[in-house]
Amino acid sequence: MSKEVRSLEPKIVWNHFADLNAVPRPSKKEERVIQFMVDFGKHLNLETFVDKVGNVIIKKPATKGLENRKTVVLQGHLDMVHQKNSDTVFDFDKEGIKMLIDGDWVTAHGTTLGADNGLGVAAIMAIFSSDDIEHPNLEALFTIDEETGMTGAMGLEGGILEGEILLNLDTEEDDEIGMGCAGGIDVTATRTYKEEETSKYSTAFSITVKGLNGGHSGMDIHKGLGNANKIMNRLLFDGFTNFGLRISEINGGSLRNAIPRESTALITVDKISKEAFVLETNLLINNIKEEFLTLEPNLTVDIQKVALPVKVMEIGVQEGFLKSIYAAINGVYRMSPDIKDLVETSNNIARVIVKDGQIKVGCLTRSSSESNKLDLANSLKSAFELSGFDVDLSGEYPGWQPNVNSAILDIVSNLYETLHGEKAHVAACHAGLECGILGQNYPDMDMVSFGPTITGAHSPDERASISSTQKFWKFLVAILKNIPKK
């Protein structure tokens, strides 16, 4: 379906997007897409280089008549979240994204689409490859590893960029202009446990939670969507409390910035209790489905009898583990007291792995308040340390503090109203944008963020609006014509 996507308007954007989506670009493995972008810049005979951490910078001179305008940095990230449905056969390391058109939407076959942030990157490529769009001096900044640590933005040294204005093209609502974002910190709890021989008087079951929406752990956290790790823990806790359930393995969630859609567990119960356990668990499953009926209509939980595992987790550690997950906060922790409807602080219990004597629980805590970010991180740290876990706080990155006196914000906001006859929604967001990090080494750079409408980011339900992309492109081109003088 790449041919059909390439025929969409604006063709220059969708063609670059299709080219980009043919290149595997997982976070931490961006070598191919870095080379792809270097080749792009050099093919245009533009100054192109890669900094010491892997960010790609391309510079383009102003078009005639706009040489005296302020230099603009157009910024997007090269990596994408790799998520797929459990029944989708796809190798992200080797295959390009298989796209399709569904009405006004472009989506993918059972995988993430890569519109986050591929459409922003494609729009920058379109500006740089065009010969009929008016613009001031431009610098393209393509960062790496935004999705799993923002190490590209963190590693960008001061003095490399000359721009006075930065346009971040990584917002996912086309009527929104971003002027602030949340910071984040990874909370990782680990511990070992002794494995015990499985009782020969036991019966083993696999439990699978699936069919959840998932989504972006920042932008979607306020929706109250189901978290597969939390749902699984609820089932295991009930089985342990009432029937002495024992855990052999758990594999739940995937990426730290994606709300977990699936979780599987291998457990045992005494043979004498197996019928009662299945009956009780199915009742609980029905209750959970009823609770989530409106938000998660496709939630399913399967219980299947399987071969008996050789080992299970020692019972004392298991009890502490289940209670820690139960106690750990997931979802919205605090709403902003200053900005209406903005989530200030949240946590996503993103990853739970239990296997071979090792437990690992990974969380991503976000906040636009540095003090509340640390408060929630310490709350999670305490919940796990009480059960004997070692807890590591790492990967911290700052938020982007709103600047209500931003000159470029005024220009962009007024231009949006002129183009569309209504005011844009100017707001901070709960996602982690790179602006806050970039501002550390470029404190005088004036920044805003905007982009086309993308839904379901970080999940296989990700899709990008075709009409919104047209709106976004028109807006971007108009902004570049209206950059103020130096």
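The number in our numbering is simply the position in the sequence shown, starting from 1, with 1356 added. Even glycine gets a Cβ: it sits at the ideal position worked out from N, Cα and C.
Three-state secondary structure (DSSP) of residue i
i, result
"ILE1767", "helix"
"LEU1736", "helix"
"VAL1369", "helix"
"ASP1594", "helix"
"GLU1518", "coil"
"PHE1484", "helix"
"SER1680", "helix"
"PHE1498", "strand"
"VAL1673", "helix"
"ASP1731", "helix"
"ASN1569", "coil"
"GLU1552", "strand"
"MET1588", "helix"
"LEU1376", "helix"
"ILE1390", "helix"
"TYR1862", "Any property of residue 1862 remains undetermined from this structure, which presents the chain solely from 1357 to 1842."
"LEU1430", "strand"
Separation of residue j from residue i, as counted between CA atoms
i, j, result
"PHE1484", "TRP1829", "13 Å"
"LYS1679", "PHE1498", "43 Å"
"ASP1626", "ALA1632", "10 Å"
"ILE1705", "PRO1417", "46 Å"
"GLY1595", "LEU1601", "5 Å"
"SER1724", "ASN1569", "25 Å"
"ASP1746", "HIS1433", "33 Å"
"LYS1566", "ARG1707", "15 Å"
"TRP1756", "MET1535", "8 Å"
"LYS1454", "GLY1812", "17 Å"
"LYS1827", "MET1669", "55 Å"
"ASP1766", "GLY1777", "16 Å"
"VAL1768", "ASP1435", "27 Å"
"TYR1798", "GLY1514", "6 Å"
"LEU1635", "ASP1443", "28 Å"
First through last residue of the alpha helix (DSSP H) which encompasses residue i
i, result
"TRP1829", "1822-1837"
"SER1358", "1358-1362"
"VAL1445", "Neither: VAL1445 is in no alpha helix (DSSP H) and is coded neither H nor E."
"ARG1425", "Element bounds for ARG1425: n/a, residue is neither H nor E."
"GLY1511", "1507-1511"
"VAL1760", "No alpha helix (DSSP H) contains VAL1760, which DSSP labels as neither H nor E."
"LEU1640", "1630-1647"
"ILE1685", "That residue, ILE1685, is in no alpha helix (DSSP H); it is neither H nor E in DSSP."
Pair within 8 Å by beta-carbon distance, residue i and residue j
i, j, result
"GLN1327", "SER1610", "Residue 1327 is absent from the model: the chain starts at 1357 and stops at 1842."
"ASP1472", "VAL1437", "yes"
"LYS1550", "GLY1713", "yes"
"VAL1369", "ALA1509", "no"
"VAL1710", "ILE1603", "yes"
"ILE1835", "LEU1523", "yes"
"GLU1790", "ALA1780", "no"
"GLY1582", "LEU1655", "yes"
"MET1575", "CYS1785", "yes"
"ILE1521", "ILE1764", "yes"
"VAL1412", "MET1393", "yes"
"PHE1373", "GLY1474", "yes"
"PRO1758", "THR1467", "no"
"LYS1384", "THR1504", "yes"
"VAL1429", "HIS1578", "no"
Limits of the unbroken beta strand (DSSP E) element including residue i
i, result
"GLU1403", "1403-1406"
"THR1721", "1714-1723"
"MET1535", "1532-1537"
"ARG1579", "With the sequence shown as reference, residue 1579 is identified as Lys, and Arg is not the correct amino acid for it. No beta strand (DSSP E) holds LYS1579; DSSP gives it neither H nor E."
"GLY1609", "1602-1609"
"ASN1703", "1699-1711"
"LYS1841", "That residue, LYS1841, is in no beta strand (DSSP E); it is neither H nor E in DSSP."
"LEU1622", "1619-1626"
"LEU1456", "1455-1458"
"GLY1470", "Run containing GLY1470: none; DSSP gives neither H nor E here."
"PHE1489", "Looking at the sequence provided, one finds Ile at residue 1489 rather than Phe. Per DSSP, ILE1489 belongs to no beta strand (DSSP E) and is neither H nor E."
"ILE1659", "1656-1662"
"LEU1794", "That residue, LEU1794, is in no beta strand (DSSP E); its alpha helix (DSSP H) goes 1791-1797."
"THR1749", "A small correction: the amino acid at residue 1749 is Leu; Thr does not occupy that position in the sequence shown. Its beta strand (DSSP E) spans residues 1746-1753."
"SER1805", "1802-1805"
"VAL1867", "Only positions 1357 to 1842 of the chain appear in the structure, and residue 1867 is not among them; the question remains open."
"VAL1782", "1781-1785"
"VAL1462", "1461-1464"
Task: Three or more C-beta pairs below 8 Å linking the region 1414-1426 and the region 1489-1505 - done: yes
Quiz prompt | Segment contact, 8 Å Cβ cut-off, at least three pairs: the region 1498-1507 with the region 1401-1408 | solution = Because the criterion of three Cβ pairs below 8 Å is not met, the region 1498-1507 and the region 1401-1408 do not touch.
Counting pairs of Cβ atoms below 8 Å between the region 1730-1739 and the region 1596-1616, do you hit three or more?
no
Taking three-plus beta-carbon pairs below 8 Å as touching, is the region 1616-1623 in contact with the region 1551-1562? Touching, yes.
Notebook entry, point to check: Are there three or more Cβ pairs, one per stretch, closer than 8 Å when the region 1812-1825 is compared with the region 1456-1472?
Noted result: yes
Would you check if the region 1802-1811 and the region 1519-1532 touch, i.e. whether three or more CB-CB distances between them fall below 8 Å?
Verdict: yes, contact present.
Is the region 1591-1598 touching the region 1630-1645, taking contact as three or more C-beta pairs under 8 Å?
yes
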